[in-house]
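At position 40 of the sequence shown (counting the first as 1) the number is 48 in my numbering, and the numbers step up by one without a gap.
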Amino acid sequence: MNLQDLIVTPIYAFILYLIFYSQRRKYTNKLNRKYFMQLLHAKFAGAIAMGLIYYFYYDGGDTTLYFDLARYIARSFSENPSATYKLIFLPIDTNDTSLYPYIAANLFYMKGDSDTYFFIRFVALFNILSFNTYSVSALFFACLSFIGSWAVYLVFIDVYPQLTKQLSWAILFIPSVVFWGSGMMKDSITLCAIGLIFYGFYYVFVKKKNITKGGILLAVGLLMIMSIRVHYLYCLIPALMLWLYLQFRDNIRSRTFKVVATPFLLVIGTILGYFASVKLTEESAYNIDNLANKTKITSNYLQAVGQGSAYDLGEYDGTLLGMARLFPQATGTALFRPFLWEARNPVSLIAALEATLFLFFTLRLLYKVKWRRLVAVVFSEHLVFVSLAFAIAFSFSVGIASGNFGTLVRYKIQMMPFYMAALIIIQELTKKVKKRTVVITYPKEFA
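In structure tokens, the structure reads:
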């Protein structure tokens, strides 16, 4: 960050603000309109804050590395525009000598970490648009994150319009999601991708309205997530298949047939979701054959670099069965840790406070709502069921892979809005109706 950031960033922020402000009526109604610009302000603040903390507190880090590597590609725009097109939009031909000045620094990521190189291309595109200004590029990522968060919010309030206010806090304004999911990080892209997939799937397969638009957004979201973090599909696709199953089940009119068919449909939906995930990830390093071992290697590495923030879930042998044995510990860790006494710095303290609130709301709900009523709501409300399925599966995956709280608090932001939204919906739908005192007033002639 330098003087250029101070001069250029306010100009771009104002332009982006005008663009979003001019479009707000298309994507809002009277009840949620005020949250639209509030979310944009929060995303912009989160993007700038994350950059400042990484620059001054951590003395660099992933986000500055991505920015510096992308500058090599962005430099080609003024020197060799045809090379820029190849570098950003086409598979890289290492035999093309015109690309040599711009790919040398990125060779490791091009060959060994294609997910990261795809992200660096994104950064390079924004660097060109921002004249290599870090803060402006971060604002572009904040806009992408905004789109994903707002898309998820629109789906929830379309189903539960009476909870517009409550769901805004659960989905839009969780501090960790705003902070870690707004800046120049892969998490901003995946937030956008999950939002587009969720929104597109809802309109194509559930609501069956605006199918063309929904289909395009669904395809774009899948392309983005397959290029950045394809293994997230192991959690997302089965949850969406379960949603399809619930839709199909509700269309069965015969009560007897519905009861008989439910177990079979549930199994079929889960199997289809599993095979869809396997098919979509078969070309990646995270295909099902490599997943367990890759997770073990990643977890061990992150534990080693985590220093005082590392956590241990127990013995893990790098097999799928070994992963399954750690399900309770991994899921609980992602949802409810770090505990307050495990915080080692101000950033992790905020995450610990959030985790404590998640634990408090969960225990409070389990205490106040009868189990029969709780189960009835979860299985009757499709969106609640799908949200919990995704949140729990995702918590398990990041809990077992992260290895340290510093990584965990960043990875788990994808599931936090879904989990908290599900808790709020359950709480509102299970509230007891308070007894009202009815006062009957008689006419004078009958008194």
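Backbone N, C-alpha and C define an ideal beta-carbon position, used for all residues, glycine too.
- By the C-beta density criterion, Gly191 is buried, having at least 16 other C-beta atoms within 10 angstroms.
- As DSSP reads the structure, Ala318 sits in a beta bridge with Asn412.
- Under the three-state reduction of DSSP, Ser138 is assigned to coil, being neither helix nor strand.
- By the Cβ test, the region 53-62 is in contact with the region 135-148, since at least three Cβ pairs between them sit closer than 8 Å.
- Rounded to the nearest angstrom, the gap between the Cα atoms of Leu241 and Ile100 is 26 Å.
- Collapsing the DSSP output to three states places Ala247 in a helix.
- Between Ser403 and Met428 the beta-carbon gap is near 12 Å, outside 8 Å, which marks them as no contact.
- The C-beta separation of Ile408 from Leu348 comes to about 23 Å, leaving the pair out of contact by the 8 Å criterion.
- For the pair Arg129 and Thr198, the Cα-to-Cα distance works out to about 15 Å.
- Runs of the alpha helix (DSSP H) lying entirely within the region 219-246, each at least 4 residues long, are 219-236 in chain order.
- Spatial neighbours of Gly203 in its own chain (CB-CB distance under 8 Å, excluding positions within 5 residues in sequence) are listed in chain order as Ile155, Gly156, Ser157, Trp158, Ala159, Val160 and Gly229.
- Within the same chain, and ignoring the five residues on either side of Lys194 in sequence, the residues whose Cβ sits closer than 6 Å to its Cβ are Phe127 and Ile236.
- Of all alpha-carbon atoms in Arg345, Val144 and Arg79, the one lying nearest the alpha-carbon of Thr415 is that of Arg345.
- Taking the Cα of Gln46 as reference, the smallest distance to any Cα among Leu328, Phe28 and Ala332 is reached at Phe28.
- Around the beta-carbon of Trp379, fewer than 16 other beta-carbon atoms lie within 10 Å, marking it exposed.
- Contact check for Ala399 against Ala351 fails: the beta carbons are separated by 9 Å or more.
- DSSP, reduced to helix, strand and coil, places Tyr210 within a helical segment of the structure shown.
- Bounds of any alpha helix (DSSP H) do not take in Ala351, whose DSSP letter is neither H nor E.
- Distances from the CA of Arg83 to each of Thr341, Thr71 and Ile96 were compared; the closest alpha carbon is that of Ile96.
- A residue is called buried when at least 16 other Cβ atoms come within 10 angstroms of its Cβ; Asn37 does not meet this threshold and is exposed.
- Contact between Ser184 and Ile421 holds, with the beta-carbon distance rounding to 6 Å and staying under 8 Å.
- In this structure, Val386 sits away from Trp251, with a CB-CB distance that is not shorter than 9 Å.
- The C-alpha of Phe181 is placed about 20 Å away from the C-alpha of Val167.
- For Met428, the enclosing alpha helix (DSSP H) stretches over residues Met424 to Leu437.
- In chain order, Gln174 and Ala178 place their CB closer than 6 Å to the CB of Ile432, counting only its own chain and leaving out the 5 sequence neighbours on each side.
- About 46 Å separates the Cβ atoms of Ala318 and Asn218, ruling out a contact at the 8 Å cut-off.
- Thr92 and Ile81 have their C-alpha atoms roughly 7 Å apart.
- Per DSSP, the continuous alpha helix (DSSP H) segment holding Arg83 begins and ends at Asp70 to Glu87.
- In the three-state DSSP reduction, Ile56 falls in the helix class (H, G or I).
- Here Gly330 carries a helix assignment [DSSP, helix/strand/coil].
- Cα atoms of Leu382 and Gln170: separation of roughly 20 Å, rounded to the nearest angstrom.
- Note that the C-beta distance between Leu48 and Leu24 is below 9 Å.
- Judged by their CB atoms, Leu226 and Tyr207 are nearer to each other than the 9 Å cut-off.
- Ser138 and Val131 do not touch by the CB rule: their CB atoms are close to 10 Å apart, not below 8 Å.
- Around the beta carbon of Asn103, a 10 Å sphere encloses fewer than 16 other beta carbons of the protein chains shown; the residue is thus reported as exposed.
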